[in-house]
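A.B. asks: The number in my numbering is simply the position in the sequence shown, starting from 1, with 148 added.
Even for Gly, the Cβ is constructed at its ideal location relative to N, Cα and C.
Dropping the structure in here first, questions after.
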Amino acid sequence: MSIAEPTTDRVVRLDRLDPAEVAETLALTRLAGDADGADPLDEHTLLRLRDPGAAAVHLTARAADGALTGYAHLDTTDPTAGIGVELVVHPAHRRRGTGRALAREVLTAATGPLRAWAHGDHPSAAALAVDLGFQRARVLWQLRRPLTAAPPEVPLPDGVVLRAFRPGEDDEAWLALNARAFSSHPEQGRWTEADLRVRLAEPWFDPAGFLLAMAESTGRLLGFHWTKVHERPGSARIGEVYVLGVDPSAHGGGLGKALTAAGLRHLRYERGLDRVMLYVDESNTGAVALYERLGFARWCGHVNYALG
Numbered sequence: 149m150s151i152a153e154p155t156t157d158r159v160v161r162l163d164r165l166d167p168a169e170v171a172e173t174l175a176l177t178r179l180a181g182d183a184d185g186a187d188p189l190d191e192h193t194l195l196r197l198r199d200p201g202a203a204a205v206h207l208t209a210r211a212a213d214g215a216l217t218g219y220a221h222l223d224t225t226d227p228t229a230g231i232g233v234e235l236v237v238h239p240a241h242r243r244r245g246t247g248r249a250l251a252r253e254v255l256t257a258a259t260g261p262l263r264a265w266a267h268g269d270h271p272s273a274a275a276l277a278v279d280l281g282f283q284r285a286r287v288l289w290q291l292r293r294p295l296t297a298a299p300p301e302v303p304l305p306d307g308v309v310l311r312a313f314r315p316g317e318d319d320e321a322w323l324a325l326n327a328r329a330f331s332s333h334p335e336q337g338r339w340t341e342a343d344l345r346v347r348l349a350e351p352w353f354d355p356a357g358f359l360l361a362m363a364e365s366t367g368r369l370l371g372f373h374w375t376k377v378h379e380r381p382g383s384a385r386i387g388e389v390y391v392l393g394v395d396p397s398a399h400g401g402g403l404g405k406a407l408t409a410a411g412l413r414h415l416r417y418e419r420g421l422d423r424v425m426l427y428v429d430e431s432n433t434g435a436v437a438l439y440e441r442l443g444f445a446r447w448c449g450h451v452n453y454a455l456g
C-alpha cells in the first residue's frame, strides 16, 4: 500500500449536525456503500446521526470548494467502556490522506478507549489501524443464503406457538427476554426501551415479520425472530435475520432452528424475497454452525479494532 500524501482537506469537529449536514453525510454514506459493497456506517450510528440529542462527536472533512470528502462519528455514550468510531471517505477522494487526517482527529477528540469498526474488512482500513496502533479485537460475519429454493420447514417444540409482535403490549416482556438472551453481547443485550421504540418507528418495521414464540399454556415469551427487509433505490431487495433470540431456559430444544426457519419462510412467501442475510459474531461458533446447517455462507466480514 502506498503512503497517501497529506490531505489539503479541512477537518472540523462538531457537536451536532444540522439537517442539511445530516442529509449530506447520508448521501456520502450511500455513495461509499455502493462503491464498496458494504455500508460504512451501521444502523446504530445512522440512527444516532439523525438524532440531534444523541451524545456524539462529528468530524467532517471538506475540500477547498466545500464538498464533503469524509466523515467520522464518535459515539460518546459510555467513554469508559469505549468510544465507538466509524469513518467514511468519499470514493473519489481516497488515497489522498483524508482518512488518515480524520483518524488522527479521532485520536485527538477521544477521551477514553476506542472501538472502531471497519465494515467490509478493507485492506486500507486494516493498514491504517495498524499504523495508528489499533488491535484487531472482534469480527462480525455477514452470512447470506438464497431463498429461491423452499426454506426448510422445522416444527416448533411441543407446546410452543408463534404470533406477531404487538407494539406497546409486548415491549417490556421482549426487552427482558432480549437482555437474558444476549446477556454477554456488548451491544444487543443493552437495548433500552428507547432503543426499541426508535426501531419500531422506522419505515421498514413490520410487526408481521417480528415473530414471537410463546408457551401455549402460560403465554410466556420463549424466543423471537425479528426480520427486516432492506429496500434501496437501484438495488435488489434483501431480507435480514435482524435479531433472533431464545430464552436460556429454552435452549437445546430446537426452538432456535424452528424460529430461524419460520422467519425465512415469512421472508420468502409473505415478502416475496429471493435472498437473505444476517450478522453473527465469529466467536459465536454455535450460532455460526446453526446458520451454516441452514444453508448460509460467509459473504463478508466486519472488523472491530480496539485502542486503549
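1) For A264, collect the residues of the same chain with a Cβ closer than 6 Å to its Cβ; drop the 5 residues on either side in sequence, then sort them by chain order.
2) Between the Cα of T296 and those of G443, T375 and V237, spot the shortest distance and give me the residue it belongs to.
3) Below 8 Å on the Cβ atoms is my guess for G214 versus V236; work out the distance and round it to an integer in Å.
4) Is the separation between the beta-carbon of P315 and that of P355 shorter than 8 Å?
5) Hey, R292 and A445 are a contact pair by Cβ (cut 8 Å); roughly how many whole angstroms apart?
6) Comparing alpha-carbon positions, which option in L369, A211 and T224 lies nearest S397?
7) Where D422 and A257 are concerned, what is the direct C-alpha to C-alpha distance, given to the nearest angstrom?
8) Return yes when the Cβ of L310 is within less than 8 Å of the Cβ of L360, no when it is not.
9) DSSP state of D184, grouped into three classes?
10) Please report the residue range of the beta strand (DSSP E) in which D166 lies.
11) If we require 4 or more residues per run, which alpha helix (DSSP H) segments fall completely within the stretch 244-307?
12) Is it right to say V278 is buried, meaning 16 or more other beta carbons lie within 10 angstroms of its own, or is it exposed?
C.D. replies: With the structure as the only source:
1) Numbered from 1 along the sequence shown, position 116 holds the residue referred to as residue 264. Within the same chain, A264 has close Cβ partners V233 and Y453.
2) Here residue 296 corresponds to residue number 148 of the sequence shown, with the count starting at 1. Per the Cα distances, G443.
3) The residue labelled residue 214 in the question sits at position 66 within the sequence shown. The residue labelled residue 236 in the question sits at position 88 within the sequence shown. That belief does not hold up - the Cβ atoms of G214 and V236 are roughly 18 Å apart, past 8 Å.
4) On the sequence shown, position 167 is the one that residue 315 refers to. On the sequence shown, position 207 is the one that residue 355 refers to. Yes, they are a contact pair.
5) For the purposes of this step, residue 292 is taken as residue 144 along the sequence shown, with counting starting at 1. For the purposes of this step, residue 445 is taken as residue 297 along the sequence shown, with counting starting at 1. Yes, they are in contact, since the Cβ atoms of R292 and A445 sit about 7 Å apart, within 8 Å.
6) Your numbering for residue 397 matches position 249 in the sequence shown. For the residues L369, A211 and T224, the minimum Cα distance to S397 belongs to L369.
7) In the sequence shown, the residue the question calls residue 422 occupies position 274. In the sequence shown, the residue the question calls residue 257 occupies position 109. If you take the alpha carbons of D422 and A257, they lie about 44 Å apart.
8) To locate residue 360, count along the sequence shown from 1; it is residue 212. To locate residue 310, count along the sequence shown from 1; it is residue 162. Yes. Within cutoff.
9) If you number the sequence shown from 1, residue 184 lands on position 36. Helix.
10) Position 18 of the sequence shown holds residue 166. Segment: none, D166 is in no beta strand (DSSP E) and carries neither H nor E.
11) 246-257 and 271-279
12) By one-based count along the sequence shown, residue 278 stands at place 130. Exposed: under 16 other Cβ atoms inside 10 Å.
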